[in-house]
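A short worksheet on the structure shown next.
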Amino acid sequence: MACPFLKEGRARYCHAAPIRKLILDGPGATDGGRCASPEYRTCDLVAKDAVQPDRCPHLEEIRVQYCGVSPVTKLVPFSDSELSSCTSNSYRYCDSYLLLARPHAMSPAANLLYAANHFWLDAEASGFCHIGLDGFLADVAGDVSGITFVTLHGTHCPALAITVNGVEWPMSFPNPLMIQKVNSRVRRDPARLTADPYGSGWLFEGWEIPGQTRNGLMTGPQAAAWQAEERERLSREIHEAHAPACDGGSPVRGVAQLLPREHLVCVLQKFFAQRGWSVEA
Ligand code: SF4
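Mind the numbering: the sequence shown is residues 5 to 285 in the numbering used here, read in order.
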């Protein structure tokens, strides 16, 4: 599915010019000027013996796509845009889209896959993927003050370190991805990770390695049951090990900000260290 802000149109360019400059056709555009009239013969790029009567033979017309909400209109030929995030479900991670269409935090899509250390994976049929950290981590952390990407490009298990209440915690997605880019905006503004963990707080973008990237991940009702059990397990952990005087109830959002360092490290180790499902409570 393409982004609702993606527009289509026709554009013209000069085939003989050293630099291809696309000009959008449509309301407000010129009608081709000299290139689309017999005057084209006065152009230095045209052979003196050109025979076409009413328009330059170098004038080409193609179909283009462009973002209807970008302040700068960048025209992309149809044939080049197949891999663009605007023409696939990846538009959901575009900042322009998020700003205009979805001012509130995104809820997790039903098709997300989860790793036991609370990474999510959104894998499209094309193999294009996004990876982030889930809402459970966002609720526990409340605030992340720093993000350092360890893997930036190439085929790796995506890895980073997040800083929570003064503790820098290393995290790694358990399976390899062909990483194309990381979210530089979340690095500059780590608050995105906890404010919108399934949208503007995404972390890695890249291509699935068939037979590897999805290995051992959980989805659907099984994942929903696991998420609920993780919240129960956190409750038990906080009340039994870190706040025994507390009289029950669910831990508040941002409980990590209230824990002394050694208790926080213990919680991070129990919930966000790399592990398999077998050690689940
Ligand atoms: S740049 Fe963003 S908002 Fe514009 S069409 Fe592409 S995905 Fe949509």
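No residue lacks a Cβ here, since even glycine has one placed at the ideal position from N, Cα and C.
- Burial check for D138: the Cβ neighbour count within 10 Å reaches 16 or more, so the residue is buried.
- With contacts defined as CB atoms closer than 8 Å, A165 and T152 qualify as a contacting pair.
- In the three-state scheme derived from DSSP, where H, G and I count as helix and E and B as strand, K78 is classed as coil.
- In the three-state reduction of the DSSP assignment, A229 falls in the helix class, which pools H, G and I.
- With a contact defined as Cβ atoms closer than 8 Å, P162 and I135 qualify at about 6 Å.
- G158 and S92 have their alpha carbons spaced roughly 22 Å apart.
- For L238, the closest alpha carbon among the candidates W211, L268, E212, P264 is that of L268.
- In this chain, the beta strand (DSSP E) harbouring D126 covers 123 to 127.
- In the structure shown, the three-state DSSP call for G37 is helix.
- Residue burial is scored here from C-beta neighbours: H108 has fewer than 16 other C-beta atoms within 10 angstroms and is therefore classed as exposed.
- The stretch 125 to 133 and the stretch 204 to 212 touch, with three or more beta-carbon pairs separated by less than 8 Å.
- Here S204 is buried: its Cβ has 16 or more other Cβ atoms, across all protein chains shown, within 10 Å.
- A direct Cα-Cα distance of roughly 12 Å separates A6 from Y101.
- Excluding residues up to 5 positions away in sequence, E12, R14, F82 lie with their Cβ nearer than 7 Å to the Cβ of R67 in the same chain.
- Straight-line measurement puts the Cα of A21 at about 16 Å from the Cα of G37.
- For the pair D99 and A195, the Cα-to-Cα distance works out to about 15 Å.
- Ranked by Cα distance from K274, the options R59, T155, E234 are led by E234.
- Within the DSSP bridge table, the entry for R196 names no partner.
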